[in-house]
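Numbered by my numbering, the letters in the sequence shown go through residues 4 to 274 in order. Read through the structure below, which is laid out as structure tokens, and then see the notes.
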Amino acid sequence: MTMISDVSGSTGDRGFWRGLKVQANVIGALLMRELHTRYGRDNIGYLWIFLEPMTLAGAVALLHSGGSSHGMSIHPVPFSILGYTIFIMFRGMVTRADGALEANMPLLYHRRVTIFDMMFARALLEGAGTIVSYAVLIAFVMVLGLAKFPARPLDLLVGIGLMFWFSFAISLLICAWTHDNRLVARFVHPITYILMPLSGAFYQLAWIPEPYRTWLTWFPITTIFELLRYGQFQVAKNTYVNVPYVIGWSLLLTYAGLVSIRATRRRVHLN
Numbered sequence: 004m005t006m007i008s009d010v011s012g013s014t015g016d017r018g019f020w021r022g023l024k025v026q027a028n029v030i031g032a033l034l035m036r037e038l039h040t041r042y043g044r045d046n047i048g049y050l051w052i053f054l055e056p057m058t059l060a061g062a063v064a065l066l067h068s069g070g071s072s073h074g075m076s077i078h079p080v081p082f083s084i085l086g087y088t089i090f091i092m093f094r095g096m097v098t099r100a101d102g103a104l105e106a107n108m109p110l111l112y113h114r115r116v117t118i119f120d121m122m123f124a125r126a127l128l129e130g131a132g133t134i135v136s137y138a139v140l141i142a143f144v145m146v147l148g149l150a151k152f153p154a155r156p157l158d159l160l161v162g163i164g165l166m167f168w169f170s171f172a173i174s175l176l177i178c179a180w181t182h183d184n185r186l187v188a189r190f191v192h193p194i195t196y197i198l199m200p201l202s203g204a205f206y207q208l209a210w211i212p213e214p215y216r217t218w219l220t221w222f223p224i225t226t227i228f229e230l231l232r233y234g235q236f237q238v239a240k241n242t243y244v245n246v247p248y249v250i251g252w253s254l255l256l257t258y259a260g261l262v263s264i265r266a267t268r269r270r271v272h273l274n
């Protein structure tokens, strides 16, 4: 008698890959639903996924177009495009996590749909929109001669990946904390506005005097922006880049987020 495990691996392996495929299908379906409900098919429809953040980032870049070069010949236009578009990804994930569970409560009637799936689909949509916006804007200013191709593409991609991970981890916590707690929800949007000037999106740590520079290095987002600029600009330095530190924070926040949404799911009652 031929065992299944003898032919195609252990049943545990088969169960894992089957479950992974099911979850990927669920997230894909949630992604398409989110696209349709948020942007619809009227007018330019799905194009708003990147036109919205691209318009905002383009306006910010235009405001900086008349400024002088930042530090060591870094042009202010690509500098501001990089900072603002990636910050939009962080802000979009965090602010849209507020009320995400209430807006998608009926989906939990489906046994295979989880809160994690809903949040990850939303995060993918936010990330895709801002990354495409950044790529289009940078390509445009490269044609104008205001920017060059990323000096260290791998570092740039790692920085974008870390920002996505860090933002998604925080969004899990926000989703759990704001469920049935409108007091906490009211602070989410104001805090993201306060974080913008502190995030490092529009300055380099080398410009900041001590002891404030040291204080800011403890903030993971400023470290991520230092890595992003190191990946984009040839003259940028990686003096204040600390990838293991950011990974450690992201792991801790992800664990806390997963525990929080699991506890929240137990309090959700479907009528």
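Each residue gets a CB set at the ideal place from its N, CA and C atoms; glycine is no exception. It should be emphasised that the depicted structure is a prediction, and the values quoted were computed from it without experimental measurement.
- If you draw a straight line from the Cα of Val116 to the Cα of Gly102, it comes to about 17 Å.
- DSSP places Ile134 within a helical segment (H, G or I) once states are collapsed to three.
- Spanning the alpha carbons of Val80 and Leu34 requires a straight line of approximately 32 Å.
- A straight-line Cα-Cα distance of about 42 Å links Gly86 and Gly18.
- Nearest C-alpha to Ile89 among Arg265, Ala172, Leu160 and Asn245: Leu160.
- When DSSP assignments are scanned along the segment 122-199, the uninterrupted stretches of alpha helix (DSSP H) that are 4 or more residues long and fall wholly within it turn out to be 156-181.
- Apart from the 5 residues on each side of it in sequence, Thr257 sits with its Cβ closer than 6 Å to the Cβ of Ala172 in its chain, given in chain order.
- For Thr133, same chain residues with a beta-carbon under 6 Å away, outside a window of 5 residues either side, are Pro56, Thr88, Ile91 and Met92 in chain order.
- Shown here, Arg115 sits in coil according to DSSP, grouped into three states, outside any helix or strand.
- Residue state for Val262 is assigned as helix, using DSSP reduced to three classes.
- The segment 215-223 makes contact with the segment 240-252: 3 or more CB pairs, one atom from each, lie closer than 8 Å.
- With the rule of 3 Cβ pairs closer than 8 Å, the segment 173-187 does not count as touching the segment 207-216.
- Scanning Ala204, Trp168 and Ala126 for the CA closest to the CA of Ile30 turns up Ala126.
- Nearest in C-alpha terms to Lys24, of all of Ile84, Asp120 and Ser174, is Asp120.
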